[in-house]
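> Here the protein sequences line up with chains A and B, keeping their order.
Here the first sequence stands for residues 20 to 252, numbered as in the working numbering.
Here the second sequence stands for residues 952 to 1220, numbered as in the working numbering.
All C-beta atoms, glycine included, are put in the ideal place defined by N, C-alpha and C.
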Amino acid sequence: MIIDFPLIFESIPKMLMGIGVTFQVLLLSLVLGTALAIVLLLLRISGKWFLAWPSMVYIYIFRGTPILVQIFIIYHGLPGLDFVRESIFWPVFRDPFGCAIVALTLNNGAYISEILRGGVLGVERGLLEAGSALGLSLRQRFLYITTPIAIRLATPAYSNDVISLMKSTALVSTITVVDMTGIARTIVAETYAPYEIFISVAIVYLIITWFIQKAFGALERRMSRHVRQETAT
Amino acid sequence: MKKSLTLMMVGLATFALNVSGPAKAETLRVGMECTYAPFNFKNANGELDGYDVDVAKGVAKIIGADLDFVCQKWDGMIPALLANKFDLIAASMSITEKRMKKIDFSAPYRISVGRLVGSNKMTTMLFDDAGKPIAANFKGLRIGTGRATTYSHWFEAEIPSAEVVLYDSSEAMYLDLENGRVDMIMTNPMKAFLKFLSKPNGKGFKFVSPQVDEKKYFGIGVGIGMRKGNDALKAKIDKAVISLSKDGSLEKYARKYFPFAIHNEKWTQ
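1) What in chain B is Cβ-close to A/Pro32, meaning under 9 Å?
2) Could you name the residues of the stretch 1091-1115 of chain B whose beta carbon sits closer than 7 Å to any beta carbon of chain A, in the order they occur along the chain?
3) Does any CB atom of chain B fall closer than 8 Å to the CB of A/Glu209?
4) Excluding the 5 residues flanking A/Asp180 on each side, which residues of the same chain have their C-beta closer than 8 Å to its C-beta?
5) With DSSP run on the structure shown, which of helix, strand or coil describes B/Cys1022?
6) With 16 other CB atoms within 10 Å as the buried threshold, where does B/Ser1196 fall?
7) Mind pulling the chain B residues with CB within less than 8 Å of A/His95?
8) List the residues of chain B whose Cβ lies closer than 9 Å to the Cβ of A/Arg113, in chain order.
9) Given B/Thr965, which residues of its chain have a CB within under 7 Å of its CB, disregarding the five upstream and five downstream residues?
10) Taking Cβ to Cβ, would you say B/Leu1067 is nearer than 8 Å to B/Ser1160?
11) With a threshold of 8 Å between beta carbons, is A/Thr228 in contact with chain B?
12) So, under 8 Å CB-CB, B/Gly1174 and B/Phe1056 are touching, yes? Tell me the CB distance rounded to an integer number of Å.
13) So which of B/Leu979, B/Ile1110 and B/Arg980 has the shortest CA-CA distance to B/Phe1089?
14) Quick check: the stretch 221-234 of chain A against the stretch 76-87 of chain A, are there 3 or more CB pairs under 8 Å?
15) Excluding five sequence neighbours on each side, which residues of the same chain lie with their C-beta closer than 8 Å to the C-beta of A/Gly117?
16) Assuming B/Ala1041 contacts B/Glu984 under a Cβ cut-off of 8 Å, what Cβ separation, rounded to an integer in Å, is found between them?
17) Suppose the cutoff is 7 Å on Cβ atoms and the five residues either side in sequence are ignored; what does the same chain contact list for B/Ile1062 look like?
18) Could you pull the start and end residues of the beta strand (DSSP E) that B/Gly1069 belongs to?
19) From this set, A/Ala71, A/Ala54 and A/Ala119, which residue's C-alpha is nearest A/Ala189's C-alpha?
20) List the residues of chain A that B/Tyr1118 touches, going by C-beta distances under 9 Å, in chain order.
21) Which residues in the same chain as B/Ala1086 place their Cβ atom closer than 7 Å to its Cβ, once the five residues preceding and following it in sequence are excluded?
22) State yes or no: is the beta carbon of A/Pro110 nearer than 8 Å to at least one beta carbon in chain B?
23) If distances are taken between C-alpha atoms only, which option among B/Leu1033, B/Ser1121, B/Val1133 and B/Ile1029 comes closest to B/Phe1144?
24) Once you ignore the five residues that flank A/Ser243 on each side, which residues in its own chain have a CB closer than 8 Å to its CB?
25) When you compare the CB positions of B/Tyr1118 and B/Arg1098, do they come within less than 8 Å of one another, or not?
26) Consult DSSP for B/Ser1045 and reduce its assignment to one of helix, strand or coil.
27) The alpha helix (DSSP H) with A/Leu172 in it runs from where to where?
28) May I ask you to report which of helix, strand or coil DSSP gives B/Asn991?
29) I need the straight-line Cα distance from B/Ala1058 to B/Gly1180, nearest angstrom please.
30) Is A/Thr41 close to chain B? Criterion is C-beta to C-beta, closer than 8 Å.
31) Can you tell which of A/Lys33, A/Pro25, A/Leu125 and A/Glu215 has the C-alpha that lies nearest to the C-alpha of A/Ser187?
32) So the candidates are A/Pro25, A/Leu26, A/Phe42 and A/Glu29; which of them puts its Cα closest to the Cα of A/Tyr224?
33) So for B/Phe1211, helix, strand or coil by DSSP?
34) Within the chosen definition, does the stretch 147-167 of chain A reach the stretch 81-98 of chain A through at least 3 CB pairs nearer than 8 Å?
35) Quick one: what does DSSP say A/Ser79 is sitting in, helix, strand or coil?
36) Applying a beta-carbon distance threshold of less than 7 Å, which residues of chain B neighbour A/Thr205?
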C-alpha cells in the first residue's frame, strides 16, 4: 500500500474548514449539557422521591441507549410527529445543526450529571458537620462547602467527558452537518482514498484532544494549589 | 388446439415470407440484463419489455433487421459482446470514456441529466429561458443532493453560492424534502419519478427545473453498444436513433413509464 502524502497535505486544510462547526457543536452542547446536568443533579439529591425518580429514569434512558440512535430518533423520527412540526421548536428541529445540539446536550447532560453526583458524594461528612456546628444553613453548606469541593473532585472525570463529547461530535456528520468528519467523508467519496483521509482527520482530533488535556491539567493544578503549597513547605 | 396452432404458424410463415421479400433480413442479437425495469425486463406475460427493448425494436425496424434478445448479467455484458455472443448492447449502458476504449456506442438514446424537485407551490424562476441557472434566485434555498455526485459537482462549479446539503442515501433525501429540511433536491429525474413523485409521499412535489444536461458534468447519456470496427452498422444505427428521436418515437416509448421524455429533446428542434 502506497500512502498518498500530497493528498493528505491537500485535504487537511479542507477539513480544517469544518473545525469551526466541530467546535460550535462541542461548546454549545457542553454548556447546555452541563446546565441540564446541574438541574438533574439537584433533582436527584433533593431527597424527594417524586423529583429524584424522573431524574434517575432520564439518566438511565440516555446513558442506556447509543448516542447515534438518539441522534437518529431526534433527526429522522421527530419530524414524523405533526405536533413537533407545528410547534415553536420546529426551527430548531428543522435544522440538522439544531438536532445535533439537542441530541448531544440531552445525552451528555445525563453523563455529566452522574459525574457531578460523584463529586458531591465524595465530600467528607465531617466538613458538613463542622459547617453545621458553625451554624451554616443547609443551603449555605451546599453552596460554600459541598459545591467547591465537589467541582474539584469531579474535574478529572469531567475532562474525560469533554474529550469523549468532542469525539462524539463526529457523529453529527451522519445527519448532513458539515463538520470535519463530514468534509472528510465527502473527500473520501471524491478520491476513493479512505486510508489517507480518515487518518488525517484522526490526527486533527488527536491534536484537539491534546489541547483539551493540557487545559484541564492546568485547571486541576490551579484548583489544587493549596495541596501543593502544603507539601512544599 | 395443436392443429390451429400449426395452421397459425404456417400462416405466419407465409406472411413473413411475403413481407421480407427477396432479400433475407439480417438478424441482430441484442444483449441486455432483462431485469432492469422499466428499461429492460420481462413483463407479466413473460415478454421482454421496456424502454431499451422498444428502442432496439424501433432501430431494427428502420434498418430492416430481425432481432434476437439475449439476457446477460451486467458484469459480463461487454465481455460477452466482445466474445460475439451478441452484436449489440441495449442495456441502459452509459457512454463513458473507459467503455469507449473497448466498444463503440451509437448516438445516445437516453439522457443523463439532473433535475430539481421541489414543492408544488414553488414559483421562483430558477432558470432562464435558455436553460441557464439564475444564481441569485438560489439564494436562501437549501438544496439536497448526493454526496460526490455529478449533481453536487455541478452546483460547486456553476452555483457555488448555493447552500447544498449532501446525502448518502436518496431515501433520507426524499424524507428531508418532505419534512421541509431542504427546499429542493437535485437528482436523476427517472429515479425521482419512480421512487418518489409517483408515490403517495411525493404528492405535493414536482419538477421545478428543466433538465440540466451539461456534458462536462453529466456525460453524453446512454447509447447502444457494439463491437469496434463495424462503421457501416454504427452509421445505420446512429441514423436510426436520430430519426426515432425526430419522429417522436423515443418520447412515445418513454411515456409508457414516465410522464416526460427521457432523451435529449433538443434533437427534435
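Reading it off the structure:
1) Correct list: empty, because the minimum Cβ distance to chain B is about 17 Å.
2) Arg1098 and Ala1099
3) yes
4) Asn127, Tyr130, Ile131 and Ile134
5) strand
6) buried
7) Ala1123 and Leu1126
8) Asn1130, Gly1131 and Arg1132
9) With a pLDDT of 48 at B/Thr965, under the threshold of 50, the predicted position of this residue should be treated as unreliable, and no value is reported.
10) yes
11) no
12) 4 Å
13) B/Ile1110
14) no
15) Pro110 and Val111
16) Actually they do not touch by this definition, with Cβ atoms about 10 Å apart.
17) Gln1162, Asp1164, Gly1172, Ile1213, His1214 and Asn1215
18) Arg1066 to Ser1070
19) A/Ala119
20) Thr195
21) Ile1110 and Ser1112
22) no
23) B/Ser1121
24) Arg171
25) yes
26) strand
27) Thr166 to Ser187
28) strand
29) 16 Å
30) no
31) A/Leu125
32) A/Phe42
33) coil
34) no
35) What sits at residue 79 of chain A in the sequence shown is Tyr, not Ser. Reduced to three states, the DSSP call for A/Tyr79 is helix.
36) Arg1098, Ala1099 and Leu1117
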